[in-house]
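Protein chains: 2
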Amino acid sequence: VLLPDGLVTPCLVVDLDAMDANLAAMAAAARERGLALRPHAKTHKSPEIARRQLAAGAVGLTVATVAEAEVFVGAGCADVFVAYPLWVDAARGARLHALRERASLRVGVDSAEGAAALARHAGRDLEVLVEIDSGHHRTGVAPADAGEVARAAAGAGLRVVGVFTFPGHGYAPGAAAHAAADEAAALAAAARTLAHAGIPASVRSGGSTPTAALTTGGTVTELRPGVYVFGDAQQLELGSCPTSALALVAAGTVVARSPGRVVLDAGSKVLGADRPAWATGFGRLPGNPDARVTALSEHHATVEWPGPDDPPDRGTVIAVAPNHVCAAVNLADTLTVVRMGEIVDIWPVSARGANT
Amino acid sequence: VLLPDGLVTPCLVVDLDAMDANLAAMAAAARERGLALRPHAKTHKSPEIARRQLAAGAVGLTVATVAEAEVFVGAGCADVFVAYPLWVDAARGARLHALRERASLRVGVDSAEGAAALARHAGRDLEVLVEIDSGHHRTGVAPADAGEVARAAAGAGLRVVGVFTFPGHGYAPGAAAHAAADEAAALAAAARTLAHAGIPASVRSGGSTPTAALTTGGTVTELRPGVYVFGDAQQLELGSCPTSALALVAAGTVVARSPGRVVLDAGSKVLGADRPAWATGFGRLPGNPDARVTALSEHHATVEWPGPDDPPDRGTVIAVAPNHVCAAVNLADTLTVVRMGEIVDIWPVSARGANT
């Protein structure tokens with residue numbers, strides 16, 4: 045990401061060419077393997093990027109919340125999957141009802157109680173996918189229990205079209221291959237229990253950015269990666285995104301400087317505070333692979349700057365890839381879009397904070 | 045915090061009585077010790093709360109950015125200190141110029157270069173405080189170097205009125221007393237070097253929520269705590285905020301449940317992802333002191349629920365104190381204000397995202 049002059053820091057900068065290359069590469073990879081691509085829009089929260097994903101061949105979007113679905117359906121996306129075991133009361137049900145009139149909508153379920161509440165408040169015949177735990181141990185049922193949940197959902201009047209999982213345990217060094225194998229095995233086992241219950245699982249949806257390249261067609265029918273749009277320091281350190289593919293950085297100004305160290309004005313309120321135990325810091329500097337963001341407070345990023353060269357002067361603007369780009373984007377109102385170092389657009393992060 | 049019925053989760057809920065009690069207690073503690081109170085508004089980012097702090101006796105506000113100063117001056121606050129070593133170019137200087145016409149403004153400096161840029165672009169006679177490193181090792185100069193920076197700032201045409209520090213190394217179990225002592229020693233030493241340079245440091249500003257109760261008057265003249273308004277899980281675990289003083293929680297709904305465990309819909313996009321090494325999890329549950337938030341993703345908080353009782357049913361709304369309330373507030377557009385379990389107001393987080 046070549047930063048333009050005159051940025052008001054801190055801010056998030058998107059390299060349009062790098063992003064478009066990422067969109068095209070994932071679309072091609074999915075197409076070649078016969079997988080439907082349904083990118084997770086929680087990463088970018090931006091209708092402009094969603095339109096580009098759909099134009100590149102995505103079959104629809106994935107979102108995490110009803111509020112995100114409202115933003116993207118409102119922006120013209122006609123096919124949305126809420127990949128979350130929503131708890132639906134009358135108020136949320138009314139919002140889902142309204143969405144169903146405007147778009148093709150699918151929702152996750154992982155319990156008989158959740159399915160009953162969904163059917164009651166969001167209406168019968170809503171399409172649902174049963175969430176499976178493939179090893180991340182967050183939400184979702186064991187594959188062996190998927191048939192029972194599917195039967196309960198169908199009994200409540202919902203239309204069960206398949207199963208989905210998030211192989212989040214692939215977010216650790218060296219873990220992606222194992223997680224991708226777990227994903228395929230869990231989706232296959234769950235689909236068998238649905239078949240046993242007389243419910244065909246025609247959609248078997250998985251995928252994450254670290255595992256996407258390892259997912260083959262056949263068992264899995266649909267991929268839902270999110271982060272691949274931009275990449276981030278986590279993906280860099282996991283080996284699933286080369287530095288050249290980083291399409292979003294925070295631009296921060298050097299405000300303090302001492303031997304071997306600078307402090308930037310892009311802190312946790314810009315980068316986000318995510319830091320998995322295996323990460324080497326709170327972000328990475330594409331321009332200096334040896335630098336490490338060793339401390340982060342709300343408006344300060346402390347960067348250790350090793351090597352023979354003096355660290356940059358106060359006032360220098362530096363690019364930092366956040367650890368977790370979804371968190372960084374959700375802190376910004378806009379993305380500054382650049383091409384070959386020139387600002388070409390400003391995109392609103394329309395679904396920022398759309399958590400309900 | 046007694047949660048009202050009918051909340052649309054996830055959301056942030058402020059208990060008005062608990063918050064007002066926190067404001068009154070800190071104001072009284074400062075008054076009794078002869079300390080000026082200048083609360084850090086980055087915690088709440090809300091003009092309504094700033095007005096209450098000023099009404100309770102605060103002399104003005106502290107902010108971290110020019111954009112925050114713009115919001116609070118725009119809302120009528122006449123006295124603002126930007127406690128940050130700003131790097132000021134022409135554009136930021138013009139914004140500071142505009143602020144000076146509307147309010148009493150002070151800015152931090154910690155280098156001769158920074159002071160020169162500030163004087164050049166924001167105008168002569170601007171009041172500044174020299175930032176001192178009292179042990180947190182973020183920004184700020186060693187006390188021994190403060191006189192030199194002050195002389196450079198004065199030489200550039202700025203009005204040096206004192207010194208300030210943030211004893212952030214008090215954010216660890218058992219560290220507050222030591223950090224408060226470091227703070228007083230550093231401010232005293234820095235003030236001596238300014239005196240030696242012929243520049244009286246009439247303002248000696250310090251303070252943080254963990255150390256505030258340990259700061260005595262004399263050396264220190266001004267306190268800048270932020271988090272005390274609400275408290276949070278960090279302060280709870282540091283011993284600087286009893287559960288009864290927690291005035292802000294995230295309300296999350298149980299969306300999944302298994303023996304000894306629930307998953308709530310309030311994830312890192314609501315609570316923030318801050319987790320110091322000494323924290324027991326990603327937040328605390330005021331209603332269940334034994335529960336721990338053991339995993340957090342964007343829309344999921346995994347809560348281990350020990351003890352003989354079954355965890356609450358799906359659909360139950362539960363209060364979670366975030367680890368770091370400043371980060372949580374900066375993710376929200378509004379705060380739902382309650383009193384004895386009834387919603388009495390909705391406050392905008394006007395300075396959310398005001399990072400520039």
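Going down the list, the protein sequences come from chains A and B.
Just so you know, we're using my numbering here: the first sequence kicks off at 45 and counts up by one.
Just so you know, we're using my numbering here: the second sequence kicks off at 45 and counts up by one.
The C-beta atom is built at its ideal place from N, Cα and C for all residues, glycine as well.
Closest by CA to residue 402 of chain A, which one among A:387, A:334, A:315?
-> Summary: the structure shown does not reach residue 402 of chain A, with chain A confined to residues 45 through 400, and so no result is reported for it.
With C-beta atoms as the reference, is residue 382 of chain B less than 7 Å away from residue 48 of chain B?
-> To locate residue 382 of chain B, count along the second sequence from 1; it is residue 338. To locate residue 48 of chain B, count along the second sequence from 1; it is residue 4. In contact: residue 382 of chain B and residue 48 of chain B (Cβ atoms closer than 7 Å).
Quick one: Cα of residue 354 of chain A to Cα of residue 377 of chain A, how far?
-> Here the question's residue 354 of chain A lines up with position 310 in the first sequence. Here the question's residue 377 of chain A lines up with position 333 in the first sequence. Cα to Cα, residue 354 of chain A sits roughly 34 Å from residue 377 of chain A.
Should the segment 281-290 of chain B be called in touch with the segment 233-251 of chain B, which here means at least 3 C-beta pairs below 8 Å?
-> no
Could you name the residues of the same chain whose beta carbon sits closer than 7 Å to that of residue 184 of chain A, not counting the 5 residues immediately before and after it, in chain order?
-> Residue mapping note: residue 184 of chain A aligns to position 140 of the first sequence, counting from 1. Contacts found: 154, 175, 176, 177, 209.
Rounded separation between residue 196 of chain A and residue 385 of chain B - CA only | By 1-based counting over the first sequence, the position of residue 196 of chain A is 152. By 1-based counting over the second sequence, the position of residue 385 of chain B is 341. Rounded to whole angstroms, residue 196 of chain A to residue 385 of chain B spans 36 Å at the Cα level.
Which residues, in order along the segment 299-332 of chain B, keep a beta-carbon less than 9 Å from a beta-carbon of chain A?
-> 299, 300, 301, 307, 309, 310, 311, 312, 313, 314, 316, 317, 318, 319
Under a three-way DSSP split, which group does residue 387 of chain B fall into?
-> Here the question's residue 387 of chain B lines up with position 343 in the second sequence. Here residue 387 of chain B sits in strand by DSSP.
Name the two residues that bound the continuous alpha helix (DSSP H) containing residue 137 of chain B.
-> The residue you call residue 137 of chain B lines up with position 93 of the second sequence. 134-144 is the extent of the alpha helix (DSSP H) around residue 137 of chain B.
Any residues in the segment 71-86 of chain A with a beta carbon nearer than 9 Å to a beta carbon of chain B? Which ones, in chain order?
-> 86
Apart from the five residues on each side of it in sequence, which residues of its chain come closer than 8 Å, Cβ to Cβ, to residue 133 of chain A?
-> Sequence index remark: in the first sequence, residue 133 of chain A carries index 89 (1-based). So the qualifying residues of the chain are 161, 165.
With distances taken from CA atoms, which of B:194, B:139, B:340, B:65 is nearest residue 159 of chain B?
-> Residue numbering aside, residue 159 of chain B sits at position 115 when the second sequence is read from its first letter. Taking only the C-alpha atoms, the option nearest residue 159 of chain B is B:194.
Assign residue 314 of chain B to one of three DSSP states: helix, strand, or coil.
-> Numbered from 1 along the second sequence, position 270 holds the residue referred to as residue 314 of chain B. Helix at residue 314 of chain B.
Would you kindly check if the distance between the Cβ of residue 102 of chain B and the Cβ of residue 68 of chain B is under 7 Å?
-> Counting from 1 along the second sequence, the entry for residue 68 of chain B is found at position 24. Counting from 1 along the second sequence, the entry for residue 102 of chain B is found at position 58. Taking 7 Å as the Cβ cut-off, residue 68 of chain B and residue 102 of chain B do not qualify as a contacting pair.
How about residue 337 of chain B and residue 347 of chain B: do their beta carbons lie closer than 7 Å?
-> To locate residue 337 of chain B, count along the second sequence from 1; it is residue 293. To locate residue 347 of chain B, count along the second sequence from 1; it is residue 303. Closer than 7 Å, so yes.
From the beta carbon of residue 131 of chain B, is the nearest beta carbon of chain A less than 7 Å away?
-> Against the second sequence, residue 131 of chain B aligns to sequence position 87. With 7 Å as the cut-off, residue 131 of chain B counts as an interface residue toward chain A.
Nearest residue (CA-CA) to residue 86 of chain A, options A:232, A:116, A:356 | For the purposes of this step, residue 86 of chain A is identified with residue 42 of the first sequence, where counting begins at 1. Of the listed residues, the one whose Cα sits closest to residue 86 of chain A is A:116.
Where do the ends of the alpha helix (DSSP H) carrying residue 116 of chain A lie?
-> As a first step, residue 116 of chain A is located in the first sequence; it is residue number 72 there, counting from the start. Looking at the DSSP string, the run of the alpha helix (DSSP H) that includes residue 116 of chain A is 110-118.
On a CA-only basis, which of B:73, B:55, B:129 is nearest residue 308 of chain A? Give me that one, please.
-> Position 264 of the first sequence, counted from the start, is the residue given in the question as residue 308 of chain A. Comparing Cα-Cα distances from residue 308 of chain A to each of B:73, B:55, B:129, the minimum goes to B:129.
Residue span of the alpha helix (DSSP H) that contains residue 193 of chain A, given as start and end = Here residue 193 of chain A corresponds to residue number 149 of the first sequence, with the count starting at 1. Looking at the DSSP string, the run of the alpha helix (DSSP H) that includes residue 193 of chain A is 190-200.
Could I get the ranges of all uninterrupted alpha helix (DSSP H) runs contained in the segment 230-259 of chain A, with 4 residues as the minimum, in chain order?
-> 253-256
Give me the Cβ distance between residue 227 of chain A and residue 205 of chain A, rounded to the nearest whole Å; I'm assuming they're in contact under 8 Å.
-> Counting from 1 along the first sequence, the entry for residue 227 of chain A is found at position 183. Counting from 1 along the first sequence, the entry for residue 205 of chain A is found at position 161. At roughly 18 Å, the Cβ-Cβ gap does not stay under 8 Å, so residue 227 of chain A and residue 205 of chain A are not in contact.
Going by the CB atoms, is the gap between residue 316 of chain A and residue 343 of chain A shorter than 7 Å?
-> For this step, residue 343 of chain A is matched to residue 299 along the first sequence. For this step, residue 316 of chain A is matched to residue 272 along the first sequence. For the pair residue 343 of chain A and residue 316 of chain A, the CB atoms are not nearer than the 7 Å cut-off.
Please confirm if residue 235 of chain A has its CB atom under 7 Å from at least one CB of chain B.
-> Position 191 of the first sequence, counted from the start, is the residue given in the question as residue 235 of chain A. Not closer than 7 Å to any Cβ of chain B, the Cβ of residue 235 of chain A fails to qualify, so no.
Check distances from the C-beta atoms of the segment 249-261 of chain B to those of chain A and list, in chain order, the residues that come in under 9 Å.
-> Correct list: empty, as no residue qualifies.
Where the alpha helix (DSSP H) containing residue 75 of chain A begins and where it ends = Here residue 75 of chain A refers to the residue found at position 31 of the first sequence. That run of the alpha helix (DSSP H) goes 60-76.
Flag this pair as yes or no: are the beta carbons of residue 255 of chain B and residue 211 of chain B separated by less than 7 Å?
-> Translated into the one-based positions of the second sequence, residue 255 of chain B becomes position 211. Translated into the one-based positions of the second sequence, residue 211 of chain B becomes position 167. Yes. Within cutoff.
Who are the neighbours of residue 128 of chain B on chain A, taking C-beta pairs under 9 Å?
-> For this step, residue 128 of chain B is matched to residue 84 along the second sequence. Within 9 Å of the CB of residue 128 of chain B, the CB atoms of chain A belong to 299, 309, 343, 344, in sequence order along the chain.
Please report the residue range of the alpha helix (DSSP H) in which residue 165 of chain B lies.
-> Here residue 165 of chain B refers to the residue found at position 121 when the second sequence is read from its first residue. Counting along the chain, the alpha helix (DSSP H) containing residue 165 of chain B begins and ends at 156-166.
Can you tell me the Cα-Cα spacing of residue 105 of chain B and residue 72 of chain B, whole angstroms?
-> Residue mapping note: residue 105 of chain B aligns to position 61 of the second sequence, counting from 1. Residue mapping note: residue 72 of chain B aligns to position 28 of the second sequence, counting from 1. Spanning the alpha carbons of residue 105 of chain B and residue 72 of chain B requires a straight line of approximately 17 Å.
Among B:93, B:81, B:345, nearest to residue 63 of chain B - alpha-carbon criterion = As a first step, residue 63 of chain B is located in the second sequence; it is residue number 19 there, counting from the start. Looking at the Cα atoms, B:93 is the closest of the given residues.
For residue 269 of chain B: DSSP bridge partner residues | In the second sequence, residue 269 of chain B corresponds to position 225, counting from 1. Note: residue 269 of chain B sits in no beta bridge, so no partner.
Nearest CA to the CA of residue 280 of chain A: which residue from A:396, A:238, A:218?
-> As a first step, residue 280 of chain A is located in the first sequence; it is residue number 236 there, counting from the start. Comparing Cα positions, the closest option is A:218.
Do residue 314 of chain A and residue 54 of chain A come within 7 Å of each other at the CB atom, strictly closer than that value?
-> Walking along the first sequence from the start, residue 54 of chain A turns up at place 10. Walking along the first sequence from the start, residue 314 of chain A turns up at place 270. Yes, the pair counts as a contact, with Cβ atoms nearer than the cut-off.
Residues in the segment 178-193 of chain B with C-beta within 7 Å of chain A's C-beta atoms, listed in sequence order?
-> Residues of the segment 178-193 of chain B that bring their beta carbon within less than 7 Å of a beta carbon in chain A comprise 182, 183, in sequence order.
Nearest to residue 202 of chain B (by Cα), restricted to the options B:216, B:168, B:380, B:135 = Residue numbering aside, residue 202 of chain B sits at position 158 when the second sequence is read from its first letter. Looking at the Cα atoms, B:168 is the closest of the given residues.
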